[in-house]
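S.K.: One structure follows; several queries about it will come next.
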Amino acid sequence: MKNALSWIFVLFLVVSLLNNCLNNTVQKEIRQKEGFIANLRKLYSSGDSSSWPKPILDPETRETFSEIGHLPETEFPKDNLYSEDKALLGKVLFFDPRLSKSNQIACASCHDPELGWCDNRTFSFGHDRQLGSRNAMTILNVAYARSLFWDGRAGSLEEQSQIPIQDEREMGEHIDMAAGKIARIKGYEILFEKAFGDKTVTKDRISKAIATFERTVKSSSSKFDQFIDGKSDVYTNDEVMGLHLFRTKAQCMNCHNSGYFSNQKFENVGTSLLGEKGEDLGMFLVTKNPADAGKFRVPSLREVAKTGPWMHNGSMLTLADVIQFYSKGNPEHGQKRSTVHQGIALASEKSGMVRMLELTDEEISQLEAFLRTLSSKTERITPPELPK
Ligand code: HEC
Ligand code: HEC
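Just so we're aligned: the sequence shown equals residues 1 to 388 in UniProt numbering.
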């Protein structure tokens, strides 16, 4: 009996010793992890990006890569310099549905300031409630985009602004008719005079004013901007880890880099659905170069939490879905990936930079937490009073 008792005692001792040991290792691991994050926090919020940990980049992007950071000052083109009056006229035109055939659809219908300057729909609807075939992009920070639209078919905001006015499925109006209508509205005379020196309304002036207004629609300082400027306690541990993963293991910075979070290039991430329902040939439609089939503009990730659903076709409903898609390296299971378009054989060649990342669930939520810090506060914009 005595023997059995001592055995139980010994067993108890061994179990509690083991338990203690295990606890100690777990504690040690937690301490190490916390130390690691604390160190990252210090480096990333030092105010000096040259002290940040080295990013993980592909050889092909190392030369052209530019580090993430603040947005630079807005530049206005020489032939369309900024003036307050021009931006104001542009704002009024942006909100004026009389630029459309039905007098019902304004630019702001699909680029709504309360909805992240887009419309949060998979596809926008326009004239006669017809559906378009692409997801509306935000115009926030569009001043920094070097080419416009998902396929880059417009080179400047001045050129871009006439396209939706004339698009049958968007505003459905002839640009000369639209300009004529604006010219007949008395209240516009003073606005054109202040912006351009005389009251003449031309389609060119309409474009210039809208473009000037769009260049003023810019993010204010986000949590990310404050953190890298030295406010080290604004980020949670998950956000710090998300930023680090974005630059390293998840390799997002191969494409989403610079203060604009885009390399301004066109890449194929395997989303074009060639040969399938919903096919979109992307940049090929503009260049007619078969190598561009399935390439889309790398979108900025600033304000990305406000601009869902995501991708050119709004096919992804959550940010976690987007990150999962990258984590799996987009295997394109069961997709055809080829088609014949007007006699030209096209095949979608996914970028080699989209590969298995094997992110854990924790890492996926950390990346998402980081992406959410790229939004700034939504500012209330009072729609302007429309001239009569
Ligand atoms: C019916 C909805 C709708 C209307 C109205 C509309 N847009 Fe858009 N806008 C879109 C869609 C959809 C896209 C993306 C189209 C594409 O890539 O083919 C887009 C893209 C843009 C872009 C490109 C952004 C970028 O990052 O490349 C700009 C700028 C823009 N629109 C400005 C305007 C202006 C200015 C007007 C008014 C003259 C306007 N839009 C009217 C739906 C609309
Ligand atoms: C090979 C270049 C490349 C890499 C690497 C890459 N992206 Fe993208 N990203 C793109 C392109 C191109 C699109 C647009 C695709 C489309 O519209 O079909 C996109 C779209 C997105 C979108 C949707 C944005 C929107 O406005 O709809 C998010 C979010 C995003 N990427 C996040 C990430 C994250 C997070 C990573 C790292 C895990 C990453 N990307 C890695 C090129 C890349």
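Cβ atoms here follow ideal geometry from the backbone N, Cα and C, with glycine treated the same way.
These numbers were taken from a predicted model, which means no experiment stands behind them.
Can you name, in chain order, every residue of its own chain whose Cβ lies under 6 Å from the Cβ of Ser-327, other than the five neighbours on each side?
M.R.: Around Ser-327: Leu-357 and Leu-359.
S.K.: If you run the structure through DSSP and keep just helix, strand and coil, what is Phe-36?
M.R.: Helix, per DSSP.
S.K.: Leaving out the 5 sequence neighbours to the left and right, which residues in its chain are closer than 7 Å to Trp-117 when beta-carbon positions are compared?
M.R.: Cβ neighbours of Trp-117 beyond the five flanking positions: His-111, Thr-138, Ile-139, Leu-140 and Val-217.
S.K.: Suppose the cutoff is 6 Å on Cβ atoms and the five residues either side in sequence are ignored; what does the same chain contact list for Pro-387 look like?
M.R.: Cβ within range, chain order: Ile-185, Gly-187 and Tyr-188.
S.K.: Cα-Cα, which of Leu-243, Tyr-44, Gln-130 and Cys-252 is closest to Lys-231?
M.R.: Closest by alpha carbon: Tyr-44.
S.K.: Cβ of Leu-89 within 8 Å of Cβ of Ala-209?
M.R.: Going by C-beta atoms, Leu-89 is nearer than 8 Å to Ala-209.
S.K.: Assuming Gly-126 and Gly-172 make a contact with CB atoms under 8 Å, what is their CB distance in whole Å?
M.R.: Correct: roughly 7 Å between the Cβ atoms.
S.K.: Quick check on the DSSP output: what are the complete alpha helix (DSSP H) runs of length 4 or more inside the stretch 37-110, in order along the chain?
M.R.: Fully enclosed alpha helix (DSSP H) runs of 4 or longer: 59-62, 84-94 and 107-110.
S.K.: Are Glu-276 and Gln-335 touching if we call contact CB-CB under 8 Å?
M.R.: In this structure, Gln-335 lies closer than 8 Å to Glu-276 by Cβ.
S.K.: Using a Cβ-Cβ cut-off of 7 Å (strictly less than) and excluding sequence neighbours within five positions of Gln-162, which residues of its own chain qualify?
M.R.: The residues are Ile-175, Lys-203 and Ser-207.
S.K.: Rounding to the nearest angstrom, what Cα-Cα distance links Ala-291 and Leu-274 in this structure?
M.R.: One C-alpha to the other measures close to 13 Å.
S.K.: Taking the C-alpha atoms as reference points, what is the distance between Thr-378 and Leu-301?
M.R.: Answer to the nearest angstrom: the Cα atoms are 16 Å apart.
S.K.: Report the rounded CA-to-CA distance for Gly-35 versus Leu-148, giving the unit in angstroms.
M.R.: The alpha-carbon atoms of Gly-35 and Leu-148 are separated by roughly 44 Å.
S.K.: Whole beta strand (DSSP E) runs in the UniProt domain "Cytochrome c" (237-375) with 3 or more residues, listed along the chain?
M.R.: Those beta strand (DSSP E) runs which fall completely within the UniProt domain "Cytochrome c" (237-375) and span 3+ residues are 338-341 and 344-347.
S.K.: Could you give the distance in angstroms between the alpha-carbon of Ser-262 and the alpha-carbon of Tyr-235?
M.R.: Taking the straight line joining both Cα atoms gives about 23 Å.
S.K.: Between Glu-170 and the rest of its own chain, which residues show a CB-CB distance below 6 Å, the 5 nearest in sequence each way excluded?
M.R.: Excluding positions up to five away in sequence, the list reads Gly-126 and Pro-164.
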